[in-house]
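Numbering of the sequence shown is given in our numbering, commencing with residue 170 and proceeding in unit increments. Here is the structure we will look at, set down as structure tokens.
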Amino acid sequence: MRMIKNLAIASALALSIPATAQKFEGLAMTPPMGWNSWNTFACDINETVVKETADLFIKLGLKDAGYEYIVIDDGWMEMERDPETLLLVPNKQKFPNGIKTVADYVHSKGLKFGIYNCAGTKTCGGYPGTRGYEYHDARQYAQWGVDFLKFDWCYTGSGNGGFNYQQDAPASYTLMRDAIYAAGRPMIFNICEWGDNKPWLWGANVGHMWRISGDIGHCWDCEMSFGTWSKFGLWPIINMHKDIRKYSGPGHWNDFDMLEVGNGFSPTENRTHFVMWCMLASPLMLGNDIRKMDEPTRQLVTNKEVIAIDQDKLGIQGFRFMNLDGFDIWVKPLDNNEWAFAFVNMTEQKRHLSYDWAKYYCKDGLVDREIQWGKQTFALRDLLAHKDAGDTSKPLDRDIEAHDVVVFRLKAK
Ligand code: GLA
């Protein structure tokens with residue numbers, strides 16, 4: 170009898186304890202936008218670069234266009250934790266005034282601040298990882314004023330740092346999520362295990378965005394092998410996983426990796442890269458050296474009409490509608506019954522696009538939306554040119570350079 174009573178009390182207690190283990194909700198209702206140091210600076214990052222980047226976010230109109238997070242990637246630490254406190258130590262040469270000073274500076278510009286670490290015993294660059302120190306590190310980040318944590322997946326195997334088991338990805342990321350929540354400061358949690366453990370299947374309750382691939386490189390269609398790992402060009406990343414668009418949406422995004430726009434692409438490929446990331450509703454984390462950005466690149470990445478495709482509040486990842494005569498045609502359903510259409514010249518030559526809208530019935534089965542061309546005409550807005558461009562009652566006729574793109578917003582007339 171007493172046992173039954175105790176059980177009843179225990180279960181009542183269990184029910185009354187609030188669920189503390191969760192991610193911070195509402196932080197990424199549209200894909201996060203910002204800048205990350207890795208693609209340009211690798212581990213060679215420092216306080217001056219971060220502060221100058223923050224200044225330029227204001228001066229160059231990046232903040233105004235929606236970019237918000239300034240994220241320091243790998244390389245910010247000393248090689249060992251503090252032997253007494255076991256806390257992570259910012260590198261004394263690179264960050265002589267510590268991390269909080271830098272975070273405060275970024276905040277003083279009305280921006281948000283992010284940092285990097287790894288679920289394993291070391292970061293990919295060989296600096297101290299978080300394995301075994303999750304609550305410790307999360308508390309430290311909260312004290313520094315961190316708003317965004319990118320959490321990587323190197324050194325997670327058995328044998329690393331004396332641990333004799335291979336880490337489980339969902340468990341490891343959930344543990345860090347809980348540590349962030351317990352630390353009490355809302356942070357975007359960027360899961361970065363390169364798509365190896367299908368994070369789209371378990372990530373929505375754990376983080377706000379998850380990488381779907383290995384690292385991006387600035388090439389159109391290549392794979393660069395470095396022995397144990399590879400870098401991927403734009404199209405290998407875009408084509409890597411066929412059926413994951415249904416897992417992406419407000420609060421939890423497929424992350425196609427930081428942008429390589431402005432890092433050596435031709436102007437046409439820069440355009441296509443940027444437009445495609447927007448069509449895919451990917452987070453938009455700039456990866457170039459903002460201090461050296463040329464004017465066409467600045468205009469591209471601050472094009473509010475293109476960014477609005479990425480930031481559309483429905484958060485539906487676009488899909489490849491078809492490949493027609495050398496053009497890849499991508500479609501993204503938008504709020505208010507509008508649509509985005511992007512036409513990419515996949516060939517190596519300039520090519521003429523002649524596209525009769527009414528000829529190709531278009532339906533997005535995922536959200537059960539279709540376009541009835543016979544019943545509706547749509548006004549066309551050319552988003553890269555910032556021009557109205559007629560409507561869908563007439564075929565589209567355009568010359569498009571090799572690897573270039575045109576993108577339209579369609580609005581019912
Ligand atoms: C991994 C990540 C990169 C970057 C580096 C840092 O490769 O995928 O984006 O963070 O580690 O070492």
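Here a beta-carbon is modelled for each residue, glycine too, at the ideal position from N, C-alpha and C.
Legend entry - Cut-off 6 Å between Cβ atoms - residues of its own chain near residue 400, not counting five sequence neighbours on either side: Excluding sequence positions up to five before and after residue 400, its CB lies within less than 6 Å of the CB of 384, 386, 393, all in the same chain and listed in chain order.
Inset, instruction - Check the C-beta distance from residue 190 over to residue 350 and give it rounded, since I have them as a contact under 8 Å. - result: About 7 Å; that satisfies the 8 Å criterion.
Inset, instruction - Taking residue 220 as part of the alpha helix (DSSP H), name the residues at either end of that continuous run. - result: Note, residue 220: alpha helix (DSSP H), 216-228.
Inset, instruction - Mark residue 429 as exposed unless 16 or more other C-beta atoms lie within 10 angstroms of its C-beta, in which case mark it buried. - result: Under the 10 Å beta carbon count, residue 429 is surrounded by 16 or more other beta carbons and is classified as buried.
Inset, instruction - Alpha carbon to alpha carbon, how far is residue 211 from residue 524? Give it in angstroms, no decimals. - result: Cα-Cα distance, rounded: 43 Å.
Inset, instruction - Return the CA-CA distance between residue 352 and residue 510, expressed in angstroms with no decimal places. - result: Distance between the alpha carbons of residue 352 and residue 510: 43 Å.
Inset, instruction - Confirm, please, whether the CB-CB distance from residue 266 to residue 247 is below 7 Å. - result: At the C-beta level, residue 247 and residue 266 stay beyond 7 Å of one another.
Inset, instruction - Tell me the start and end of each unbroken beta strand (DSSP E) in the region 223-287 that is at least 3 residues and wholly inside, in chain order. - result: Annotation note: the region 223-287 contains the following uninterrupted beta strand (DSSP E) runs of length 3 or greater, listed N- to C-terminal: 238-240, 281-287.
Inset, instruction - Kindly indicate which three-state DSSP category residue 512 falls into: helix, strand or coil? - result: The answer is strand: DSSP assigns residue 512 an E or B state.
Inset, instruction - Count the other CB atoms, across all protein chains shown, that sit within 10 Å of the CB of residue 435; report buried if there are 16 or more and exposed otherwise. - result: The residue in question, residue 435, is exposed, as its Cβ has fewer than 16 Cβ neighbours within 10 Å.
Inset, instruction - Return the CA-CA distance between residue 273 and residue 382, expressed in angstroms with no decimal places. - result: Roughly 32 Å between the two C-alpha positions.
Legend entry - Presumed contact (8 Å Cβ cut-off) between residue 504 and residue 535, rounded CB distance: At roughly 15 Å, the Cβ-Cβ gap does not stay under 8 Å, so residue 504 and residue 535 are not in contact.
Legend entry - Cα-Cα separation, residue 577 to residue 415: Using only the alpha carbons, I get a separation of about 23 Å.
Inset, instruction - With a floor of 4 residues, list each alpha helix (DSSP H) that falls wholly inside the region 328-363, ordered by position along the chain. - result: With a minimum length of 4 residues, the unbroken runs of alpha helix (DSSP H) contained wholly in the region 328-363 fall at 338-352.
Inset, instruction - Just the C-alpha distance for residue 499 and residue 251, rounded to the nearest angstrom, thanks. - result: Those two C-alpha atoms are separated by around 51 Å.
Inset, instruction - For residue 446, name the three-state secondary structure that DSSP assigns. - result: In the structure shown, residue 446 adopts helical secondary structure according to DSSP, grouped into three states.
Legend entry - Chain-order list of residues whose beta-carbon lies under 6 Å from that of residue 177 (same chain, five-residue window excluded): Caution applies to residue 177, whose pLDDT of 44 falls short of 50 and renders its modelled position unreliable; the value that the coordinates give is listed next. Result list for residue 177: empty, nothing under 6 Å.
Legend entry - Distance cut-off 6 Å: residue 245 Cβ against heavy atoms of ligand 1: No, ligand 1 has no heavy atom inside 6 Å of this Cβ.
Legend entry - In chain order, each alpha helix (DSSP H) run of at least 4 residues that lies wholly inside the region 415-478: As for any alpha helix (DSSP H) of minimum length 4 sitting wholly inside the region 415-478, the runs are 436-448, 464-470, ordered along the chain.
Legend entry - CA-to-CA distance, residue 231 to residue 517, given in whole angstroms: One Cα belongs to residue 517, the other to residue 231, and the distance between them is close to 32 Å.
Legend entry - Alpha carbon of residue 207 to alpha carbon of residue 346, nearest angstrom: The alpha-carbon atoms of residue 207 and residue 346 are separated by roughly 23 Å.
Inset, instruction - Using only alpha-carbon positions, find the residue among 477, 574, 459 that is nearest to residue 227. - result: Taking each of 477, 574, 459 in turn and checking the Cα distance to residue 227, the smallest one comes out for 459.
Inset, instruction - Count the other C-beta atoms from every protein chain shown that fall within 10 angstroms of the C-beta of residue 324, then say buried if there are 16 or more, exposed otherwise. - result: Buried.
Inset, instruction - Would you check if the distance between the CB atom of residue 437 and the CB atom of residue 570 is smaller than 7 Å? - result: Between residue 437 and residue 570, the C-beta spacing is below 7 Å.
Legend entry - Under the three-state DSSP convention, the category residue 304 falls into: In the structure shown, residue 304 sits in a helix (DSSP, three-state: H, G or I).
Inset, instruction - Note down the Cα distance separating residue 239 from residue 473, rounded to an integer number of angstroms. - result: C-alpha separation (whole angstroms): 19 Å.
Inset, instruction - Report the residue from 410, 432, 431, 433 whose alpha carbon sits nearest the alpha carbon of residue 424. - result: It is 410 whose Cα lies nearest to the Cα of residue 424.
Legend entry - Residue from 380, 521, 203, 209 whose Cα sits closest to the Cα of residue 322: Closest by alpha carbon: 380.
Inset, instruction - Quick one: give me the first and last residue of the beta strand (DSSP E) that residue 161 is part of. - result: This structure cannot settle anything about residue 161, because the visible part of the chain is limited to 170 through 582.
Inset, instruction - Starting from residue 379, follow its DSSP beta bridges and name the residues at the other end. - result: Beta-bridge pairing links residue 379 to 360, 423.
Legend entry - The alpha helix (DSSP H) enclosing residue 493, as first and last residue numbers: Boundaries around residue 493 are those of the beta strand (DSSP E), 488-493, since no alpha helix (DSSP H) includes it.
Inset, instruction - Decide if residue 341 is buried, meaning its Cβ has at least 16 other Cβ atoms within 10 Å, or exposed. - result: With 16 or more other CB atoms across the displayed protein chains lying within 10 angstroms of its CB, residue 341 is buried.
Legend entry - When 234, 582, 327, 205 are compared against residue 541, the one with the closest alpha-carbon: Taking only the C-alpha atoms, the option nearest residue 541 is 582.
Legend entry - Limits of the beta strand (DSSP E) - the one that residue 413 falls within: For residue 413, there is no enclosing beta strand (DSSP E), as DSSP gives it neither H nor E.
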